[in-house]
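Heads up, the sequence shown is in the working numbering, so the first residue is 127 and it goes up one at a time.
Taking it in order: structure first as structure tokens, then the write-up.
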Amino acid sequence: MTTKQPTFFVRDVPVYGDAVLAPMAGFSDVPYRALCRAYGSAMNYTEFVPVEALLGKRSPSRFWGRLDKQAGEHPMVFQIFGNDAHKILAAAQNILDLEPDIIDVNMGCSTRRVSGRGAGVGMMPQPQLVRDTFSLLAQHLPIPVTGKIRLGWDATQQNYLEIARIMEESGAALIAMHGRTKAQKYDGQANWDAIAALKQAVSVPVIGNGDVNTPADIDRMKAHTGCDAVMIGRAAIGNPWIFARRDRDSLALADAVQAIRLHVREMLAYYGDPHGLILFRKHLKRYLDDFSAAAPFLPLLLQTDEADVFVRLLGELETAVSDQQHP
Ligand SMILES: Cc1cc2nc3c(=O)[nH]c(=O)nc-3n(C[C@H](O)[C@H](O)[C@H](O)COP(=O)(O)O)c2cc1C
């Protein structure tokens with residue numbers, strides 16, 4: 127009998143696999159995480175949540191909802207952000223009873239609303255805040271604490287090595303890095319050399335992130351940087367097969383329809399009908415983009431807010447395509 131070995135550990139939490147769905151506000155919700163896990167994402171992050179929203183009593187709010195997870199969803203990382211070490215600790219302690227496996231501090235968000243007030247990547251120019259935050263969390267939480275960073279604020283302030291060393295010294299159990307600065311936002315090329323330098327500089331596991339668009343890129347980034355795992359964001363939207371290391375080019379429309387069915391089922395179960403269907407629209411286009419045969423059906427699928435009609439249209443799409451293939 128063969129026993130599956132963990133690929134790496136986040137302190138004492140085993141991770142099986144080396145491709146991880148990135149936290150993405152508006153996308154990495156319970157339904158999409160379920161799908162990506164089914165296709166092979168090795169670890170899942172929640173969308174980021176402001177600590178200020180987590181300090182009081184739990185309420186049925188948008189932000190508390192981001193901490194929902196499915197039974198058996200492991201390892202599950204709750205990602206939070208803030209600009210005050212004590213508030214970050216208080217929020218982390220307040221969400222422990224929801225049983226995350228890991229708490230992650232977002233130090234990568236580049237939007238002005240977040241970074242402008244010293245949270246997200248706005249923490250990176252504040253080494254003392256990073257030290258205080260990780261020391262407090264590591265001392266007071268029973269579960270591992272991790273952080274997701276960028277290269278730094280801009281081209282002239284790329285202090286990721288300094289910040290990573292502080293994180294490690296202060297008790298961080300893993301560092302994920304998006305290889306761009308705050309100033310770059312999502313533009314330009316991600317710097318994989320910097321991810322390699324980070325991996326050399328610390329002894330905790332490193333997750334590399336940025337410009338991983340295909341299954342081959344997963345292996346390329348690993349070979350180039352030596353990172354323990356690769357995090358995939360935008361290229362996973364409408365493309366959960368990347369976690370199964372299947373190229374988009376190799377997919378048939380029937381594969382897309384199958385994933386859409388699964389995903390819509392999860393959306394309806396979690397958000398209800400028709401809200402789940404309406405929220406699914408942003409994913410739908412991404413699933414069908416590459417399939418010209420789906421083009422006539424897309425406007426109809428995007429318009430309906432009736433689950434029955436949606437499922438019927440999907441069936442018609444499948445039939446139309448198989449008729450074309452087998453005249
Ligand atoms: C729509 C969207 C939402 C995002 N939300 C988050 C978030 O909540 N937390 C976080 O750490 N990063 C967030 N990111 C950044 C991604 O996790 C990732 O670092 C970035 O997209 C680069 O990876 P990629 O090139 O694979 O997309 C977001 C990115 C996008 C596109």
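The beta-carbon is built from N, C-alpha and C at its ideal position, and this holds for glycine as well.
Because the structure is a prediction, the values reported are computed rather than measured.
How should S167 be labelled, buried or exposed, when 16 other C-beta atoms within 10 angstroms of its C-beta is the threshold for buried?
buried
DSSP three-state label for D345, please.
helix
My output table needs one value for D230: the three-state DSSP class, helix, strand or coil.
strand
Can you tell which of A370, V247, D343, V383 has the C-alpha that lies nearest to the C-alpha of R238?
V247
Give a single yes or no on whether G234 has its beta carbon closer than 6 Å to a heavy atom of ligand 1.
yes
How about A433 and L379: do their beta carbons lie closer than 7 Å?
no
Between A361 and the rest of its own chain, which residues show a CB-CB distance below 7 Å, the 5 nearest in sequence each way excluded?
V338, N339, I368
What is the rounded straight-line gap between the Cα of P453 and the Cα of V139?
Model confidence at P453 stands at a pLDDT of 46, short of 50, so the residue's coordinates are unreliable; what they give is reported in the following sentence. When rounded, the distance between both Cα atoms is 53 Å.
Beta-carbon spacing of N317, K274 below 7 Å
no
Nearest CA to the CA of D155: which residue from E178, E225, F406?
F406
Helix, strand or coil for L300 per DSSP?
strand
Run the proximity test for P157: is its beta-carbon closer than 6 Å to any non-hydrogen atom belonging to ligand 1?
no
Just to confirm, are G359 and A148 a CB contact at a threshold of 7 Å?
yes
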